[in-house]
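Peer 1: Let me begin by handing over the structure; questions about it come next.
In our numbering, the protein residues as written are 94 to 337.
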């Protein structure tokens, strides 16, 4: 009798029982889904962390490689610069050595060349004075004044090394050179100078051309001023040119 009542109760409430069972099942499914989703999320986060770590590792490796390559390139550039500098120093040393090997050995016993063909209009005179028409006065002359035409070529009287190129009010553009053994030569009243300081010039080579005379020689006319010294003391150029 009690069993029948129990069955009748179940029959009358079957709907609610089914509903409760369904809800329990639904709750179970939701819980299972949440667990699975959380696991997937954790896996995704783990994967992202691994990828980020890998990216950082690759980035670090790439930067390290770049730094290494950059260092290598800098080292190579430094080596090349050092090599170039060494080459320049060596070239400079060779140039100095070559210059030292050039012998300038004029001793006064060999006749010099005339720097140009022209009459001596004012002679060398250190013991007595000579007259300067433009200045209208007498004074000593430490060189010779050679008659010339403008644009006449001026030649080196002997093998020499150019020591100075300058300009003065009296002699205009001037070239000075060493012949060796204390002998120095000076060419004045020049233009179109085609030598440079330090250059070694052979006898007969063109140094420049004759310019218009300076105001100190306007009445004497176009000329070349030519002077020689030995250890700073004036020497008559004519005596060396003619071998006297």
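Quick reminder that beta carbons are idealized off the backbone N, C-alpha and C, glycines included. The structure displayed is predicted, hence computed values, not measured ones.
Drop a sphere of 10 angstroms on the beta-carbon of residue 199, count the other beta-carbons inside from all chains shown, and report buried for 16 or more, exposed for fewer.
Peer 2: Flag for residue 199 reads buried.
Peer 1: Might you give, ordered along the chain, the residues of its own chain that have their beta carbon closer than 8 Å to the beta carbon of residue 209, omitting 5 neighbours on each side?
Peer 2: So the list reads 239, 241, 245, 246, 247, 248, 303 and 317, once near-sequence residues are dropped.
Peer 1: Output the boundary residues of the beta strand (DSSP E) element that contains residue 348.
Peer 2: For the chain, the structure presents residues 94 to 337; residue 348 sits outside this window and is missing.
Peer 1: With a threshold of 7 Å on Cβ separation, who are the neighbours of residue 265 within its own chain once the five nearest residues in sequence on each side are excluded?
Peer 2: Excluding positions up to five away in sequence, the list reads 281, 282, 283, 304 and 307.
Peer 1: Alpha carbon to alpha carbon, how far is residue 272 from residue 326? Give it in angstroms, no decimals.
Peer 2: Distance between the alpha carbons of residue 326 and residue 272: 14 Å.
Peer 1: Helix, strand or coil for residue 280 per DSSP?
Peer 2: Strand, per DSSP.
Peer 1: Quick one: any contact between the segment 286-305 and the segment 247-262, if contact means 3 or more CB pairs under 8 Å?
Peer 2: Touching, per the Cβ criterion.
Peer 1: Under the three-state reduction of DSSP, which class applies to residue 333: helix, strand or coil?
Peer 2: It is helical.
Peer 1: Check each candidate in 279, 219, 254 and 292 and name the one with the smallest Cα separation from residue 321.
Peer 2: Residue 321 has its Cα closest to that of 279, out of 279, 219, 254 and 292.
Peer 1: Straight-line CA distance for residue 275 to residue 255?
Peer 2: Using only the alpha carbons, I get a separation of about 14 Å.
Peer 1: So residue 300 and residue 328 are supposed to be a Cβ contact under 8 Å. How far apart are they, rounded?
Peer 2: Rounded, the Cβ-Cβ distance is 19 Å, inconsistent with contact.
Peer 1: With a CB to CB cut of under 7 Å and the five nearest residues on each side skipped, what residues in its chain are close to residue 288?
Peer 2: Cβ within range, chain order: 255, 268, 294 and 300.
Peer 1: Measuring alpha carbon to alpha carbon, tell me which of 227, 231, 236 and 195 ends up nearest residue 332.
Peer 2: Closest option to residue 332, Cα to Cα, is 236.
Peer 1: Could you give the distance in angstroms between the alpha-carbon of residue 330 and the alpha-carbon of residue 195?
Peer 2: C-alpha separation (whole angstroms): 24 Å.
Peer 1: Closest to residue 214 by CA distance: which of 116, 323, 119 and 310 is it?
Peer 2: Here the closest residue by C-alpha is 310.
Peer 1: Identify which residue in 228, 219 and 285 has its Cα closest to the Cα of residue 259.
Peer 2: The residue with the shortest Cα to Cα distance from residue 259 is 285.
Peer 1: Just mark residue 253 as buried or exposed, buried being the case when its beta carbon has 16 or more other beta carbons within 10 Å.
Peer 2: Looking at its Cβ environment, which holds 16 or more other Cβ atoms inside 10 Å, residue 253 is buried.
Peer 1: Taking the C-alpha atoms as reference points, what is the distance between residue 204 and residue 212?
Peer 2: Roughly 18 Å separates the two Cα atoms.
Peer 1: By how many angstroms is the C-alpha of residue 234 removed from the C-alpha of residue 218?
Peer 2: Rounded to whole angstroms, residue 218 to residue 234 spans 5 Å at the Cα level.
Peer 1: Going by CA-CA distance only, name the one from 261, 315 and 323 that's closest to residue 227.
Peer 2: Of the listed residues, the one whose Cα sits closest to residue 227 is 315.
Peer 1: What's the gap between the Cα of residue 313 and the Cα of residue 224?
Peer 2: Going from the Cα of residue 313 to the Cα of residue 224 covers about 11 Å.
Peer 1: Can you tell me whether residue 257 is buried or exposed, with buried defined as 16 or more other CB within 10 angstroms of its CB?
Peer 2: Exposed, since its Cβ has fewer than 16 Cβ neighbours within 10 Å.
Peer 1: Classify residue 225 as helix, strand or coil using the three-state DSSP reduction.
Peer 2: In the structure shown, residue 225 sits in a strand (DSSP, three-state: E or B).
Peer 1: Based on Cα-Cα distance, which residue from 229, 230, 207 and 291 lies nearest to residue 319?
Peer 2: Ranking 229, 230, 207 and 291 by Cα distance to residue 319 puts 207 first.
Peer 1: Tell me the DSSP secondary structure of residue 237 in three-state form.
Peer 2: Strand at residue 237.
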